[in-house]
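Residue numbers (this note's numbering): 383 to 642.
Down below is the structure, laid out as structure tokens.
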Amino acid sequence: QRHHHHRHHHRRHRHDRHHSSSSIITAENDSRAEKKRMERTLQKNNHHHHKNHKKNHKKQKNSQRQRWEVIRKRVEKRTRRWGTKNKTVATTENRFAAVSGIFFLPLLAFALKTVSSPESAASAQRILLTSVVRALATMVTCSGRSATGTFRMVKALMELLFLLRFHAAKEVRREALVALGKAFDSIPPPLMQMEMREELDEALSWLQSVRKSEPDPACRELAGAVMAVVTKSLNEAKDRHPRRAGGALGTLMSVTDGVL
383 QRHHHHRHHH
393 RRHRHDRHHS
403 SSSIITAEND
413 SRAEKKRMER
423 TLQKNNHHHH
433 KNHKKNHKKQ
443 KNSQRQRWEV
453 IRKRVEKRTR
463 RWGTKNKTVA
473 TTENRFAAVS
483 GIFFLPLLAF
493 ALKTVSSPES
503 AASAQRILLT
513 SVVRALATMV
523 TCSGRSATGT
533 FRMVKALMEL
543 LFLLRFHAAK
553 EVRREALVAL
563 GKAFDSIPPP
573 LMQMEMREEL
583 DEALSWLQSV
593 RKSEPDPACR
603 ELAGAVMAVV
613 TKSLNEAKDR
623 HPRRAGGALG
633 TLMSVTDGVL
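Shown next as structure tokens:
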């Protein structure tokens, strides 16, 4: 009986010790889990804190920027300035200048062929020739003064215009005078005087002849406008201050709209 009691006591002691060890392990696991939960909570709180800090910093920055903008506007409103502000002129590349000859030369060849044709005075040929001359003059203008090919295009166009000055149709003569004004306006005045002296003298003689003896009043009016373009260009070359003859060309175009 004593032996049985001793064995029972020994078993109970082992059970209690095992139960105690299990409790310690469970407590350690719970402690680790709690520690991990706390770390995750701390990381989450730090993340939110950092995010809120960035938001608040951005708001403060925007607020400061708005405040300084209000101050700048108030100062600008109460500030008085004297003088003129330098304006920057935006420049763009003339992409047509590089390819203008591709369109100009075939059309010019067609115009020369049409002029030499015996039927050039016919109604259909007259309308076609007028449109072709207008297109050639527009190409010269769109090519621009600074383009290297514009000067060659102007010289080639002048050859055609000198052939058209005695054309039987007054519409063709009018268009030739308009094209002459555009041609002179498309090259710098110093270059006109140095490289186109012969064409210039012949053009001036043509314009004077038209103003004196041309039966069509619209042609006489156009000749006067073109003469203004040429005179303005020559005066600019003499003063050595080349500028665009915009005013004279504007006069020419206003006259053109009324007579063509």
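No residue lacks a Cβ here, since even glycine has one placed at the ideal position from N, Cα and C.
Quick one: what's got a C-beta closer than 7 Å to F485's C-beta in the same chain, skipping five residues either side? M521
Looking at F566: is its Cβ nearer than 8 Å to the Cβ of V612? yes
Residue range of the unbroken alpha helix (DSSP H) whose run includes S595: 579–595
Considering just the uninterrupted stretch of the alpha helix (DSSP H) at F548, what are its terminal residues? Taken as a continuous stretch (DSSP letters only), F548 belongs to no alpha helix (DSSP H), as it is neither H nor E.
What is the DSSP secondary structure of A529, reduced to helix, strand or coil? coil
Would L559 pass as a contact of L494 if the rule is Cβ separation under 8 Å? no
Could you compute how far the alpha carbon of K417 sits from the alpha carbon of L424? 10 Å
Leaving out five residues on either side along the sequence, give the residues of the same chain with a beta carbon under 7 Å from the beta carbon of N438. none
Count the other C-beta atoms from every protein chain shown that fall within 10 angstroms of the C-beta of A585, then say buried if there are 16 or more, exposed otherwise. buried
Length-filtered (4 minimum) alpha helix (DSSP H) runs lying within the region 482–526: 482–497, 505–525
Could you tell me how far apart the beta carbons of S525 and M540 are, in whole angstroms, since I believe they sit closer than 8 Å? Not really, about 15 Å apart at Cβ, beyond 8 Å.
To the nearest angstrom, how far is the alpha carbon of W577 from that of K537? The sequence shown places Glu at residue 577, rather than the Trp named in the question. Rounded to the nearest angstrom, the two C-alpha atoms are 10 Å apart.
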